[in-house]
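Numbering (the UniProt record's numbering), first residue to last: 1 to 334. Glycine residues also receive a C-beta, built at the ideal position from the N, C-alpha and C atoms. Beneath this line is the structure, given in structure tokens, with notes to follow.
Encoded structure:
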């Protein structure tokens, strides 16, 4: 990431001020507030069609901040846009945490006393660090959904050949067949999601750890893999997302967008620590690209936070993006 490679073992933070307005507007059915934020939502009215920057103060990560930021390159094709609810997406706006292992259902119940109402979970991939995931079952998904939690499914597949993390370098994309590999891993990601009870219309966020996008051959291989992964998901009714460091993978995809590349992910999840959480002011992105409700900002990581008497080590995110849709959500009772 830019922060240190996030190793998809995500963690947590103290309660951020004022924003934290978890909400959803699925299939244009209107806002459903969750928690004690309803008066604020009513006062602000028409938030459903806009991206709202978080108001929390800057994180206090002790590690060095990101390096120089490549400037946004103006021009190019039309920005990635469009209402994803037309593709069956359910949109969440608010704060989320992620952590390497899915917490127990009891922990998730305790954390209802937190500002979060969404959680990132690692559903599969050969690069996934916490592969056992004892809590991540269809019953767990149903339980936490019934509590009001929304899920952000992450898939840690093959990594860029020029990945900077030594652990992830053991699972490189095959430079001789990146498109075939990307499609195959997308199929695996769909199978993993379906095994948990998730349905088409859900996002799957491909986790591509920090890599050297300035390496031309590596960048080409990685982009081909990402495009094939995204295309396979789209063709089957799923929403492709992409997680990476703002100054590596995200900057790379923005350059690809400006160059007119096809089959890019629909949603970006960018890691930039030691900055105020924002969904509109990411320096490497055109402000109009990947809008509306197509962005997640991981603004702090590896933090311990306690809610409901339970401590967890997590990463912090501000979200205005699709969350998982459960198969039961599509069932119509007679």
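Item	Value
Beta-carbon gap between residue 305 and residue 314 smaller than 8 Å	yes
Given residue 114 as reference, the closest of 321, 209, 309 once Cα atoms are compared	309
Status (buried if at least 16 other CB within 10 Å, exposed otherwise) for residue 328	exposed
Burial state of residue 159, where buried means 16 or more other Cβ atoms lie within 10 Å	buried
Coil, strand or helix - residue 166 by DSSP	coil
Residue 163 and residue 207 closer than 8 Å at C-beta	no
Opening and closing residue of the beta strand (DSSP E) in which residue 260 lies	Element bounds for residue 260: n/a, residue is neither H nor E.
Span separating the alpha-carbon of residue 326 from that of residue 230	20 Å
Stretch-stretch touch, CB-based, cutoff 8 Å, three pairs: the segment 112-127 with the segment 137-152	yes
Residue 233 - DSSP class collapsed to helix/strand/coil	helix
Residue 285 to residue 268 span [Cα, whole Å]	10 Å
Three-state class that DSSP yields for residue 188 in the structure shown	helix
Integer-rounded CB distance, given that residue 127 should sit under 8 Å from residue 98	Actually they are not in contact, since the Cβ atoms of residue 98 and residue 127 sit about 15 Å apart, beyond 8 Å.
Beta-carbon spacing of residue 278, residue 297 below 8 Å	yes
Burial state of residue 291 (16 or more Cβ within 10 Å)	buried
8 Å contact criterion, which residue 188 and residue 124 should meet: CB distance rounded	6 Å
Boundaries (first-last residue) of the beta strand (DSSP E) holding residue 269	267-271
Where residue 312 falls: helix, strand or coil (DSSP)	strand
Proximity to residue 139 [Cα-Cα], best of 181, 173, 198, 132	198
Residue 265 versus 271, 276, 250, 273, residue with shortest Cα-Cα distance	250
Rounded C-alpha distance that separates residue 311 from residue 260	45 Å
As assigned by DSSP and simplified to three states, the class of residue 279	coil
Other residues of its chain near residue 324: CB distance less than 6 Å, five sequence neighbours each side excluded	151, 153, 198, 202
Residue 193 in three-state terms, based on DSSP	helix
Per DSSP, cross-strand counterpart(s) of residue 326	198
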